[in-house]
Amino acid sequence: MTRAFLKNINRQILNNPRHFLAIFSIVALGVAFFSGVRAACPDMRLTLDKYFDDYNAYDIRVISTYGFEDEDIDAIKRVDGVQAVMPVYFFDGFIVEQDVSHLVSFQSLDLDALESKSLINRPVLIEGRFPVKENEVLMDEALRNNYGYKIGDTIEISAPEGENISDYVSRTTFTVAGFVRSVEYISYERGSSSKGDGIIRGFVYLPKSVYTMPVYTGVYIVVDKQNLSRFSDEYKDLIEDIKQRIQAVGDERNPIRYKRLVEEATSKLQDAKLEVEKAEQDLAKAKQELQEAEKKLREGEKELQNKEKEFWQKIKVSEQELRKAKKDLDAAYDELLQNQQRLQSKEQELAYAKEQLEQFQLQLQESNAALSALQAQIEELTKQLTSLPADSQEALQLQAQIASLQAAYEQNAAQYEQARQQYDAQYEMLKAAEQELNAGKAALDQGFSEYNSKLKEYEAKYREFVRFKKEGERQLLEAKANLEKMRQKYQESLAAYEDGYNEAVAKIEDARAKIEEGEKELSSLSQPEWYILDLSMNSGFSGYEQDTQRVGAIGNVFPLIFFLVAALVSLTNMTRMVEDDRSTIGVLKALGYSNMSIASKYMIYSGLAATGGIFFGWAVGKELFPKVIAEAYGIIYTVPDVLTPLQWDSALLAGIGAFISAVVPAFMVCQKELLGPPAAIMRPRAPQIGKRILLERVPFIWKRLDFSRKVTYRNLFRYKKRLFMTVLGIAGCTALVFTGFGLKNSIGSMVPIQFEEIQKYDMTLMLDTKADAASIERLFDLLDENEDVKATMRCYSTTIDVTANAKTEKAMLLVPQDMDTFNNFVSLRHRQSGQPLELSDEGVVITEKLGKILGVTEGSIIRIQGSDNRVVEVVVSGIAENYIYHYVYLTPSLYQRLYRQAPSVNTVFGQLYDTSEEAQNALSESILQTGAVLSISFIREGREKFNDMIGALDIVVVVLIVSAAALAFVVLFSLTNINVDERRRELATLKVLGFNDFETTMYLYRENLILTVFGIGVGLILGVYLLFFVLDTVEVDVVMFSRRIHWMVYLVSALLTLVFALIVNLLTVRIIRKIDMVESLKSVE
């Protein structure tokens, strides 16, 4: 290859930058989209694989109906292929706050192993630190985000109602040390529970040392994966093999555990019987003690009555005696007082008499003195008389005086003597009176002495009486108090006995019932069962796998069609370029260049453009599309930022395809042009012969068209190749845009159709078949009486295997109890016609996707196998519209005919008035408290889950739409530029003829607009088929996207393509204006 030839190639690139950029852009866009979208699925899976590897995610989880002992753990460790085993404790409980409690899953965590990378399901620390103390915990970051918990918060935990927290853990208060994520929960769902309102809000890791549970409740297992991807079939086969080995270990361990459980249960039943017997003995003993206490109380009451009667009799007698004694004393005292008064009266009389006697004595003394004076006077007179003569006058006078005095003396003496006698008599009387008075006084004193003695005796007796009475009353009160205490104690004992009797009898009866139930359970006790769950049974992982599968399905279909359109445009560009260089090719051939050398010029040109586009597409596509798609799913999953290594399979496939689509057309077009001699090749290709078009044969229309429109219509059909290429290019872009919008519409309309038009219920209850009749009755009463429950439908449901045409698919069998209410809850109808389907005894109605997978139609026979392995054959009487999961509907009479038994009720569907989260949580809590329900699910939750999935898928679809729109823009721009280049001479001629810029532009744009409209019409038709093809490819087995295409999809797709066409036309106005009339007309020369 000469230097001049290489220079010519370089000039070719510089002189045709638009073709080069067109090829570069279309290849870059195609490669970026193809390799990027196809890489999204493996990149997302690689990211999750590395995330799981970094934090040692489990591969298998085993739970048991009776827990695991150390011997079970040791046996699992010995299984071939098991690399690590971690037994754990877990239970569902509540974080208690002041006004609310949150249902969470509590899981054990070995604090000593936290820093070890070998710890299975090692927590991903988001904030804070790992616990170092027994009272510190790790909390799910979802609890922080949703309920505002912070580092350092103290939380209190409790067990569900009717359970004791001490049966699970040794303490109830903890401090939040950190917030974490767990590889076990990569979605925002945390599972469901039969406790509380049934919705687990998050998880909390408690130190393993605080658990008091006797056995482990779960086992996490990591297997030797040999670097296999968790999404690969080899990994799933490996896991299935190890699961079978673990199941074999379980089959070996379960009989041993069963025997031990039977022995323990038998021992517990025996202990329970002994306790019941002891309780009955204690009850009988309590009754006997109560009867004895009652007897003692009656005897005490009788004894108290007798003693009280005897006491009051004694008191009465004593009172009478004291009263009589007091009366006698009072009488004696009164008599003494009377005697005293008499003596005092006598003493007064005596004193008076004595006073009179003393006065009389004084009178006597005076009389005696007067007598003595008279005597003395007489003696004096006598003496004087003696001295006088006897007959003297004086003597006579003295004698007369003496005689007078003597007579007076004698008279006075007689009076004195009489008075003295009288005095003596009075004196004797007074003396006798004194003696009598003294005797009276002595008698009175003796009486008073006797009275005082008797009074003292009375007072002593009275005091003794008072003391006796007071002591007796005290003893009586004490006896009454003791008796009252005895009565109160008896009453309390009686009340306690009466209160406790019913309770004790109820407990005894309950214990007997439990013993009886325990004996029945013991007799029907089944062997322990191990449930071996792999990652496919983890809702987060399975959802992630399905979502990446959907992305992968889109990546397998949509980019391929996208790439084909890009290849078509690349072919058009190279074809136009080779045709434009026809003369140059002839010159080169005349100069002796070989056909291969000449072709290599255009192959190098297109190859360089394609190579640049390939590397640019690789660089942009591998970073942009996986990240955008992964970010879209970030609203559902907590996964690290997506890893974007170059996926060589997709990259090489896109690169090779792009290179071939650019180089091969250049080679093929050159080879076609080089078939003739150089002289023929150097001359321009003769213009195509004009032909009459169909419209010309309709004079009525043709004669009424102006010149420009006639030329436009002739040119459309004159250049058929250009027509088909333009129409196909625009049709391809329109089909891609239509498919993107149609996919968004199909996915978005699936949920409302499913949950509003087909499944017309708001709640599903799975009943506990082991619950007693009273619990079931409480549940039905609650549903009937609750104001939020509008209506319910009872039915039987179970998972079945449906087989037809050598294909088997799992589905849900649904048998309504009451056919009259069935249509109010489930709408069975044909999807295409909308006509309702009747569920009859002639056969079953299956859902459309199930029928499509199994390849059955109405009238086909399918086989149904349930969990009991019984297989029945039944005719398909109808195929119903359904979008999520597979269902088989059966009438109760047909079920009874097929299975020889009536269907039981294990499921209840409910329609609610209030579907808010608060109302549903309250209703859920009330329902779970009946003890008759295993699980509750609300359609609102299912809708939110699917809406989140669809929201993420919507972003992916938006990426597809934007990419398709960009492709449409590039395709339209390339085709318009090619059209302008092809018709440069024609446009220059129009300018020479006097057409202004607007008329010249419209001359071309009129054709472009008509071709665009044709292309849009064809594209919409192709888009329908392409959309259905993409839907069939993207759908997973349990989901069917809606086939209803909204008219807005047609309108938006058409308008968007038309807008792109108008924008491109506006951009090419400048190119048309710059066409040089002279150079264009001289191009032939």
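In my numbering, the protein residues as written are 196 to 1280. Ideal Cβ placement from N, Cα and C applies to all residues, glycine included.
Quiz item: If you scan the region 796 to 821 from start to end, which runs of the beta strand (DSSP E) of 3 or more residues do you find wholly inside it?
Solution: Taken in chain order, the region 796 to 821 contains no complete beta strand (DSSP E) segment of 3 residues or longer.
Quiz item: Gln787: buried (16+ other C-beta within 10 angstroms of its C-beta) or exposed?
Solution: Mapped onto the sequence shown, residue 787 falls at position 592. According to the sequence provided, residue 787 is Gly. The question's Gln does not apply to it. So Gly787 counts as exposed.
Practice problem: Tell me where the alpha helix (DSSP H) around Ile1122 begins and ends. | Solution: Along the sequence shown, read from residue 1 onward, the residue named residue 1122 stands at position 927. Here the alpha helix (DSSP H) through Ile1122 covers 1112 to 1123.
Quiz item: Considering only residues of the same chain and omitting the five flanking positions on each side of Glu1280, which have a CB-CB separation below 8 Å?
Solution: The residue given as residue 1280 occupies position 1085 in the sequence shown. In this prediction, Glu1280 scores a pLDDT of 49, lower than 50, which makes its location untrustworthy; the coordinate-derived value is nonetheless stated afterwards. If the five residues before and after Glu1280 are omitted, its C-beta is found closer than 8 Å to no C-beta atom of its own chain.
Self-check item: Backbone secondary structure at Met1235 - three-state DSSP
Solution: Position 1040 of the sequence shown holds residue 1235. In this structure, DSSP gives Met1235 a state outside helix and strand, which the three-state scheme calls coil.
Exercise. Check whether the Cβ atoms of Glu329 and Ser388 sit closer than 8 Å, and answer yes or no.
Key: As a working note, residue 329 is residue 134 in the sequence shown. As a working note, residue 388 is residue 193 in the sequence shown. Ser388 sits away from Glu329, with the two beta carbons spaced by 8 Å or more.
Quiz prompt | Exposure label - Ala701; buried when at least 16 CB within 10 Å | solution = The count along the sequence shown starts at 1 and reaches residue 701 at position 506. Ala701 comes out exposed.
Exercise. Kindly list the residues whose CB is nearer than 6 Å to the CB of Thr987, restricted to its own chain and excluding five residues on each side of it in sequence; keep chain order.
Key: Here the question's residue 987 lines up with position 792 in the sequence shown. Hits under 6 Å: Leu978, Val1103, Gly1105.
Quiz item: Which residues does DSSP pair with Pro1031 in a beta bridge?
Solution: Residue 1031 sits at position 836 when you count from the first residue of the sequence shown. Beta-bridge pairing links Pro1031 to Arg1024.
Quiz item: For the putative contact between Tyr380 and Gly735, defined by C-beta atoms under 8 Å, what is the C-beta separation to the nearest angstrom?
Solution: The residue given as residue 380 occupies position 185 in the sequence shown. The residue given as residue 735 occupies position 540 in the sequence shown. Right, the Cβ-Cβ distance comes to about 6 Å (below 8 Å), so this counts as a contact.
Quiz item: In terms of alpha-carbon separation, which member of Gly231, Ala217, Asp244 lies closest to Val823?
Solution: The sequence position of residue 823 within the sequence shown is 628, counting from 1. Closest option to Val823, Cα to Cα, is Gly231.
Quiz item: Is the beta carbon of Gln1124 sitting closer than 8 Å to the one on Glu356?
Solution: Along the sequence shown, read from residue 1 onward, the residue named residue 1124 stands at position 929. Along the sequence shown, read from residue 1 onward, the residue named residue 356 stands at position 161. Glu356 sits close to Gln1124, with the two beta carbons spaced by under 8 Å.
Self-check item: Whole-angstrom distance between Arg256 and Met1007, CA atom to CA atom
Solution: Counting from one through the sequence shown, the residue named residue 1007 turns up at place 812. Counting from one through the sequence shown, the residue named residue 256 turns up at place 61. One C-alpha to the other measures close to 25 Å.
Exercise. Go ahead and pull the three-state DSSP assignment for Gly347.
Key: Indexing the sequence shown from 1 puts residue 347 at position 152. In the three-state reduction of the DSSP assignment, Gly347 falls in the coil class, being assigned neither a helical nor a strand state.
Exercise. Leaving out five residues on either side along the sequence, give the residues of the same chain with a beta carbon under 6 Å from the beta carbon of Gln1060.
Key: The residue you call residue 1060 lines up with position 865 of the sequence shown. Result list for Gln1060: Asp996, Val1066, in chain order.
Self-check item: C-alpha distance - Ala1249 paired with Val1219, whole-angstrom precision
Solution: Counting from one through the sequence shown, the residue named residue 1249 turns up at place 1054. Counting from one through the sequence shown, the residue named residue 1219 turns up at place 1024. Between Ala1249 and Val1219, the C-alpha separation is close to 13 Å.
Practice problem: With a floor of 4 residues, list each alpha helix (DSSP H) that falls wholly inside the region 956 to 984, ordered by position along the chain. | Solution: Taken in chain order, the complete alpha helix (DSSP H) segments of 4 residues or longer contained in the region 956 to 984 are 968 to 980.
Self-check item: Whether Phe398 touches Val299 by CB criterion (8 Å)
Solution: As a working mapping, residue 398 is identified with position 203 in the sequence shown. As a working mapping, residue 299 is identified with position 104 in the sequence shown. For the 8 Å CB-CB criterion, Phe398 and Val299 form a contact.
Quiz prompt | Per-residue DSSP class, three states only, for Ser313 | solution = Here residue 313 refers to the residue found at position 118 of the sequence shown. DSSP places Ser313 in coil when its eight states are reduced to three.
Quiz item: If we ignore side chains and look at the alpha-carbon of each, how far apart do Pro212 and Asp1192 end up?
Solution: The count along the sequence shown starts at 1 and reaches residue 212 at position 17. The count along the sequence shown starts at 1 and reaches residue 1192 at position 997. The alpha-carbon atoms of Pro212 and Asp1192 are separated by roughly 24 Å.
Practice problem: Give a yes or no on whether the C-beta atoms belonging to Ala785 and Pro873 are separated by under 8 Å. | Solution: As a working mapping, residue 785 is identified with position 590 in the sequence shown. As a working mapping, residue 873 is identified with position 678 in the sequence shown. In this structure, the beta-carbon distance from Ala785 to Pro873 falls below 8 Å.
Quiz prompt | Assigned secondary structure, Gly288 (DSSP; H/G/I helix, E/B strand, else coil) | solution = Reading the sequence shown from its first residue, position 93 is the one you call residue 288. Annotated three-state conformation of Gly288 is strand, per DSSP.
Practice problem: Please check the pair Leu517 and Lys665, which I expect to be a contact at CB under 8 Å, by giving their CB distance rounded to whole angstroms. | Solution: Sequence index remark: in the sequence shown, residue 517 carries index 322 (1-based). Sequence index remark: in the sequence shown, residue 665 carries index 470 (1-based). The beta-carbon separation of Leu517 and Lys665, rounded to 15 Å, does not stay under the 8 Å limit for a contact.
Exercise. Would you mind reading off the limits of the beta strand (DSSP E) that contains Ser1189?
Key: Within the sequence shown, the letter at position 994 stands for residue 1189. This sequence places Gly at residue 1189; Ser is not what is there. Per DSSP, Gly1189 lies in no beta strand (DSSP E) and is assigned neither H nor E.
Quiz item: Would you say Gln1342 and Pro450 are within 8 Å of each other, going by their C-beta atoms?
Solution: Residue 1342 lies beyond the stretch modelled for the chain, which goes from 196 to 1280, so this question has no answer here.
Self-check item: Pair within 8 Å by beta-carbon distance, Leu469 and Met681
Solution: On the sequence shown, residue 469 is found 274 positions in, with the first residue counted as 1. On the sequence shown, residue 681 is found 486 positions in, with the first residue counted as 1. No. Outside cutoff.
Quiz prompt | Distance between Thr367 and Val1039 (C-alpha atoms, nearest Å) | solution = Numbered from its first residue, the sequence shown carries residue 1039 at position 844. Numbered from its first residue, the sequence shown carries residue 367 at position 172. Val1039 and Thr367: Cα-Cα distance of roughly 54 Å.
Exercise. Check His1286 in the structure and name its three-state DSSP category.
Key: Here the chain covers residues 196 to 1280 and nothing more, so residue 1286 does not appear.
Quiz item: Using DSSP with H/G/I as helix, E/B as strand and the rest coil, what is Ser1282?
Solution: A query on residue 1282 cannot be resolved here, the shown segment of the chain reaching from 196 to 1280 and no further.
Quiz item: Just curious, the beta strand (DSSP E) that Leu1008 is in, first and last residue?
Solution: By one-based count along the sequence shown, residue 1008 stands at place 813. Start and end: 1002 to 1011.
Practice problem: Return the CA-CA distance between Pro821 and Gly927, expressed in angstroms with no decimal places. | Solution: Within the sequence shown, numbered from 1, the residue matching residue 821 stands at position 626. Within the sequence shown, numbered from 1, the residue matching residue 927 stands at position 732. Roughly 24 Å between the two C-alpha positions.
Exercise. Counting only the same chain and skipping the five closest in sequence on each side, list residues whose C-beta sits under 6 Å from that of Ile221.
Key: Residue mapping note: residue 221 aligns to position 26 of the sequence shown, counting from 1. Taking C-beta separations shorter than 6 Å and ignoring five residues to either side along the sequence, the partners of Ile221 in its chain run Ala761, Val764, Ser765, Val1165, following chain order.
Quiz item: Counting along the chain, where does the alpha helix (DSSP H) carrying Arg1265 start and finish?
Solution: On the sequence shown, residue 1265 is found 1070 positions in, with the first residue counted as 1. Segment 1264 to 1268, the alpha helix (DSSP H) holding Arg1265.
Quiz item: In the structure shown, what three-state DSSP assignment does Gln1282 receive?
Solution: Within the shown structure, residues of the chain are numbered from 196 to 1280, placing residue 1282 beyond reach of any answer.
Quiz item: Which word fits Trp813, buried or exposed, when buried means at least 16 other C-beta atoms lie within 10 angstroms of its C-beta?
Solution: Here the question's residue 813 lines up with position 618 in the sequence shown. Buried, since its Cβ has 16 or more Cβ neighbours within 10 Å.
Quiz item: Rounded to a whole number of angstroms, what is the C-alpha to C-alpha distance between Glu351 and Ala1127?
Solution: Residue mapping note: residue 351 aligns to position 156 of the sequence shown, counting from 1. Residue mapping note: residue 1127 aligns to position 932 of the sequence shown, counting from 1. Each residue's alpha carbon lies about 28 Å from the other.
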